[in-house]
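What follows is one structure encoded as structure tokens, with my remarks underneath.
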Amino acid sequence: MIVRAPRHYLDLIFAVRGSVLPQVLPQVIGFALLSALVEALYLTGVAVPQLPLGPMAGIGIALSLFLGFRNNAAYDRWWEGRVLWGQILADIRNCCRDSDVFLNDDIRNRVLSSLHDFVSALAKPGDPGAELALDKAQSVLTSQFRQEKLGDIGAMTLLNRLAALGHSQAGIERLKSTPLPFVYSLLIHRTVFVYCALLPFAVFAGAGWFSPILTGVTAYVFFGLAAVTDCLEDPFSDSDHAVPVNALEAICKRKIETAMGQDDLTPLINVEGFVLR
Amino acid sequence: MIVRAPRHYLDLIFAVRGSVLPQVLPQVIGFALLSALVEALYLTGVAVPQLPLGPMAGIGIALSLFLGFRNNAAYDRWWEGRVLWGQILADIRNCCRDSDVFLNDDIRNRVLSSLHDFVSALAKPGDPGAELALDKAQSVLTSQFRQEKLGDIGAMTLLNRLAALGHSQAGIERLKSTPLPFVYSLLIHRTVFVYCALLPFAVFAGAGWFSPILTGVTAYVFFGLAAVTDCLEDPFSDSDHAVPVNALEAICKRKIETAMGQDDLTPLINVEGFVLR
Amino acid sequence: MIVRAPRHYLDLIFAVRGSVLPQVLPQVIGFALLSALVEALYLTGVAVPQLPLGPMAGIGIALSLFLGFRNNAAYDRWWEGRVLWGQILADIRNCCRDSDVFLNDDIRNRVLSSLHDFVSALAKPGDPGAELALDKAQSVLTSQFRQEKLGDIGAMTLLNRLAALGHSQAGIERLKSTPLPFVYSLLIHRTVFVYCALLPFAVFAGAGWFSPILTGVTAYVFFGLAAVTDCLEDPFSDSDHAVPVNALEAICKRKIETAMGQDDLTPLINVEGFVLR
Amino acid sequence: MIVRAPRHYLDLIFAVRGSVLPQVLPQVIGFALLSALVEALYLTGVAVPQLPLGPMAGIGIALSLFLGFRNNAAYDRWWEGRVLWGQILADIRNCCRDSDVFLNDDIRNRVLSSLHDFVSALAKPGDPGAELALDKAQSVLTSQFRQEKLGDIGAMTLLNRLAALGHSQAGIERLKSTPLPFVYSLLIHRTVFVYCALLPFAVFAGAGWFSPILTGVTAYVFFGLAAVTDCLEDPFSDSDHAVPVNALEAICKRKIETAMGQDDLTPLINVEGFVLR
Amino acid sequence: MIVRAPRHYLDLIFAVRGSVLPQVLPQVIGFALLSALVEALYLTGVAVPQLPLGPMAGIGIALSLFLGFRNNAAYDRWWEGRVLWGQILADIRNCCRDSDVFLNDDIRNRVLSSLHDFVSALAKPGDPGAELALDKAQSVLTSQFRQEKLGDIGAMTLLNRLAALGHSQAGIERLKSTPLPFVYSLLIHRTVFVYCALLPFAVFAGAGWFSPILTGVTAYVFFGLAAVTDCLEDPFSDSDHAVPVNALEAICKRKIETAMGQDDLTPLINVEGFVLR
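Residue numbers (my numbering), protein chains in the order written: chain A, 3 to 279; chain B, 3 to 279; chain C, 3 to 279; chain D, 3 to 279; chain E, 3 to 279.
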């Protein structure tokens, strides 16, 4: 996640870190060059076929709407990813508190140690251990309950906390395993490509040497938004824009370690070059 | 569900699997041919009546908005379908855990076996057995409760888990039995049809031999989005884009089988040709 | 609710049942005739005053956005109506299950019989009996609790189910008693009317005898969407598009009757002429 | 709230009650007159400076989008207000039921009487008594619990109902005390004003004496939607469009009075001149 | 938060407090001057290159949509911030009530005093004490529970209230620590900048000396909305538009102090110059 507190105006215009410009520069330059070529041919008298602006504008508006939809869906996924990790943090804290009420210190430490594993596994891509860690925590509760060291209300309260963690875990797995429908990517990337390829033939006569600029700006806006969407779509990727899972993991772990009375705490993750991971 | 991890840019432009192009190709070619015909007649001097671009653009924008709305609603249904199956997975896991605390192994296995049936029935289209499976699980709890082998807190906790499964089940039945209002399909498909049929008469004079391309691209965008919407509208269909119910079913079943101590686990579903079902 | 499984493409273009065309045909024909009249006057040399297309397009886009908003709100109400009835079904099932655990058969039947009345009353427009039916169910619980035949956990669990039914009931009452703000209907119907009345004066010169077609298509799109919205706005009306309350009522009742061990079950509602009510 | 069951089509075109037309008539007439003046000057040969239509359309579309956003937010507030009062009604009913199970009649009446005060205070603008009424209900529960006449499950159940009422109360206070950000009103009202003032200079040449009509219709659409938004933004105002708080208050009170066995019930509020308050 | 009850119409046009005009005035004037310069050069016969209006309108519409999206997301954050503080207020009240039932006065005061610290810490930017305050409240409950002065139902009820506070706290931390993706700011601010810089070259020929006005109004609308978004994006900033955290903090504290029987209550925060903080 990019963190940039003091936003001076010019900073917004010229910042490179956090921008998608490097990613979309090839397309921007490519289509601007195509536009320049068309313009040059036209000025040297070649009978370049001309496109009317009206239907191009219609396609452009339809494209904007669909890009806007996909962007919206991707942002919702990103925010949902952040919300889920925030809920895990809150439920880890609640577990630390509630286990202190209902369990003795030794047993509590065994439960908390499983939650420590749970958080580690959840933060690592492709690690299926979160499931097992919750099961381990529950088996401690089971043995306490069967030995009648844990009352049924206590058991229910703690199991409900584990269930809340399980629901957040399922949410994170859902985001990881289910991308946005691939068909949107295809439809949008193809239409953007065709639109930018046709645009030079619609503007060369009216815009003169402004044509490459117009085409470039249009390509920047459309390819840029498509690239932003590709970034946010997977909130747990290793892109600069992803949810700072490592930082949230460290906060969860420190809480558990403090509750267990450990001295050697997991270090917090710091912002490096404006990026928090 | 289409799964395609490494998205190279050209891959997006030329991928066929997962694209709606094959589905909408007849319309795209049909309207492009109509446009070519109109253009040819015009160039051979026939007095083709001309449509102004302004009102066509107005209809086009209205159409984009309504397509956008319907697409939004279809995507929400698709994602809700995925969320519901994710909740079922989480609640199955919670049931496995909580039943271990409150029930002895033999009784627990009878409850879990009913949940196994529940998941099977829910994943099969048109199978009404999910309802009965939950009833069977509850009747085991009833007999335990009446024999005073299960306390009232334990009974309440497990009944609440069954109730959560019942709510997810109702959600899935809702999506299966209630399509998007048919009237939207009618309104949108008809308007797209009329719009694409009128477009050639609006562009032939201004766009020359670009006309068929413009008409074809417009038809691709509008029919394409309508086709995507038709795919996602029913998240439990057998289309390539549907929620991977079989894969989720297998994960649920393996969890139950593991909890029951079985050796012979349901195999996981693998991605085949980029598609997970 | 219109149910139409095998959607052949031409079926979408020519279907009458489920279409709003009959409803909006007078307006479509009326404005098309107005447009033809304007065109005829113009061609016979009358100095018809002309409107520029630009501002008309502006009004058209604003109109599309507001129609889109109202349509969105109406669809949300329709879906909320469906969700509420789905929750009632799920909670009726949960009540059947939980009452089996905590109550003896005779008492349970008295509670379930009240729920049967609850569902009947809720499905009938203008019947205030749902409220009383829940009160009756609760008074059975009260007497059991006071006679100490029902523990406090059992009482709490069953009261929570009744509370969930009460919340769904309040939601259904809310949708029934609170229409979409009337002011939106006024603003939108008036603007659509004025827009379609002005359109012929904007297109007669450019579109020639296409004018009546353009005006008719525009009227179809705008009046059509307004009519769809009017249909979905009240999800419990007797329109073809309404939530199939009778079908859901029958499913709820059969569940209760089965749980009570009755032989004579309420018949399921079938689809008649593509419509499920 | 405006209630108008049988909506005949012409009724929608000519209704006055419930329309915002009276409110926005000064602006509509004012800008139409300005447009007529500009037209007259132009026709008498004054060199009126002319605005191009393109950028005006651009500003118009941006304006429509922002009006649409603000309208959406206002409608959400209005509906949230209605939902909150519906939840209060449902929770009042639940309290009536649950208190019958867990409390004896005398004590129950003291709790219900506090809830009666709660509803009264919540419906009155600026009355802080809702808070105190809930506190009074709780202090009755406290004394019962300390005298061991109320078990801990009963106490928890009833406290959870009070907590639900407290959350709905907080929601209503939130809507009352937090208007939509003032900055949106400023930005939108100013831009609408400037847009309508510039429009006559964009249409006088093309639209002839249609100019005042076009300007008037545009002003009606934009000022009308802004006025609707101002109405719905505060769902608990005394406007005709507000949530019918008095009617809902009366239904809540009658329920409580009936549960207390009172004979003299609060009269229901009737619709007067299509308006329910 | 800006509070302005009696909104006279002219007040909306000329208000300065609460407007973003001062913030965006430099850009508005800058681009208007650029436009005037281009116009002057054109009128003195310099061959200024001209941009066609069509593609500019396309970019403008795309820009409006993306600004609209970002604005929507920022408003949702602002409202979520307000909702979270409203939930904290409701849960603080619930804690005051429930603790009176289950705890004796001395112990209750120790819990409430921790909640007082919780609210203080949460309202102060960068204070990590909220976490510790909840832990302190829980440790009081733990010792009561271990001394068997607090039953398990009472413990569960109070722990659930603390858990609710913990979830609201996590929500507030989430909003504070996770800004809107920086990449949106970049994309939007850059595109607005480029758009306003190109606009003068698109309108100089058609709009004459209206050009600077058109450019200025466009810059006001786009930069204005971007500035509003920047304000609302961080709901807990010290801007005039932020959520009135201090006022809500004071209400929470007074409730706690009253419940503890203190005489010296935290003073309420008053509106100063239309602003509530």
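Just so it is clear, CB atoms sit at the ideal spot from N, CA and C, and this is done for glycine as well.
Remember, predicted model here, so these are calculated numbers, not experimental data.
| Asked | Found |
| --- | --- |
| C/Thr180 CB to nearest chain B CB: under 9 Å? | no |
| Is the region 147-156 of chain D touching the region 254-272 of chain D, taking contact as three or more C-beta pairs under 8 Å? | no |
| Which two residues bound the contiguous alpha helix (DSSP H) that contains A/Gly32? | Leu23 to Leu45 |
| Indicate the three-state DSSP secondary structure (helix, strand or coil) for A/Val185 in the structure shown. | helix |
| Using the Cβ count rule (16 or more neighbours within 10 Å means buried), how would you classify B/Trp80? | buried |
| Taking only the alpha-carbon atoms, compute the straight-line gap between B/Ala59 and A/Gly56 and give it to the nearest angstrom. | 7 Å |
| Please list, in chain order, the chain C residues whose beta carbon lies closer than 8 Å to that of D/Asp102. | Gln140, Ser141 and Thr144 |
| D/Gly153 lies in the alpha helix (DSSP H); which residues open and close that run? | Counting along the chain, D/Gly153 falls outside any alpha helix (DSSP H), and DSSP gives it neither H nor E. |
| Step through the CB atoms of chain B and report whether any lies within less than 9 Å of the CB of C/Val50. | no |
| How would you call E/Arg148, buried or exposed, if buried means at least 16 neighbouring beta carbons within 10 angstroms? | exposed |
| Going by C-alpha to C-alpha distance, which of E/Ala249, E/Asn272, E/Gly275 and E/Asp266 sits closest to E/Val121? | E/Ala249 |
| In the region 201-215 of chain E, which residues sit with their C-beta less than 8 Å from some C-beta in chain D, listed in chain order? | Leu201, Ala204, Val205, Gly208, Ala209, Gly210, Trp211, Phe212 and Ile215 |
| DSSP three-state label for D/Ile253, please. | helix |
| Determine whether the Cβ of A/Arg279 lies closer than 9 Å to any Cβ atom of chain B. | no |
| I'd like to know if B/Gln89 contacts chain A, where contact means its C-beta is closer than 9 Å to some C-beta of that chain. | yes |
| Give a yes or no on whether the C-beta atoms belonging to B/Ala75 and C/Tyr77 are separated by under 9 Å. | yes |
| Could you have a look at A/Ile271 and say whether DSSP puts it in helix, strand or coil? | coil |
| Taking a cut of 9 Å between CB atoms, which residues from the region 223-243 of chain D lie near chain C? | Val223, Phe224, Gly226, Leu227, Ala229, Val230, Cys233, Leu234, Asp242 and His243 |
| What residues of chain D sit near E/Thr220, judged by a beta carbon separation below 9 Å? | Pro57, Gly60, Ile61 and Ala64 |
| Which residues in the same chain have their Cβ closer than 6 Å to the Cβ of C/Phe203, if we skip the five residues on either side of it in sequence? | Leu53 |
| What residue range is occupied by the uninterrupted alpha helix (DSSP H) comprising C/Ala135? | Gly131 to Arg148 |
| Would you say C/Arg176 lies against chain D (beta-carbon separation less than 9 Å)? | yes |
| Hey, does E/Met262 have any beta-carbon neighbour from chain D nearer than 9 Å? | no |
| What residue range does the alpha helix (DSSP H) around D/Met58 cover? | Leu55 to Phe104 |
| Between which two residues does the alpha helix (DSSP H) harbouring B/Val121 extend? | Asp107 to Ala125 |
| Given a cut-off of 9 Å on the beta-carbon distance, is the pair D/Ile4 and D/Asp236 in contact? | no |
| Rounded to the nearest angstrom, what separates A/Pro8 and A/Phe276 at their Cα positions? | The predicted position of A/Pro8 is uncertain, since its pLDDT is 49 and thus under 50; no value can be drawn from it. |
| Using a C-beta cutoff of 9 Å, does D/Val85 count as contacting chain C? | yes |
| Distance check for D/Ile271 and D/Ser251, CA to CA, integer angstroms please. | It is Glu, not Ser, that sits at residue 251 of chain D in the sequence shown. Answer to the nearest angstrom: the Cα atoms are 9 Å apart. |
| Listed in chain order, which residues of the region 150-161 of chain D have Cβ atoms closer than 7 Å to some Cβ of chain C? | Gly153, Ile155, Gly156 and Thr159 |
| Measure the CB-CB distance between D/Asp119 and D/Leu134 and report whether it falls below 9 Å. | yes |
| Only counting the same chain, and skipping five residues up and downstream in sequence, which positions put a Cβ closer than 7 Å to that of B/Pro51? | Phe203 |
| Report the option in A/Ala244, A/Leu69, A/Asp108 and A/Ala38 whose CA atom is closest to the CA atom of E/Thr180. | A/Ala244 |
| Could you pull the DSSP bridge partners for A/Ile4 from this structure? | A/Val277 |
| Residues of chain A with CB closer than 7 Å to the CB of E/Ser193, please, in chain order. | Residue 193 of chain E is actually Thr in this sequence, not Ser. Ordered by position in chain A, the residues that pass the 7 Å Cβ test against E/Thr193 are Val223. |
| Please tell me whether D/Gly70 has its Cβ less than 9 Å away from any Cβ of chain C. | yes |
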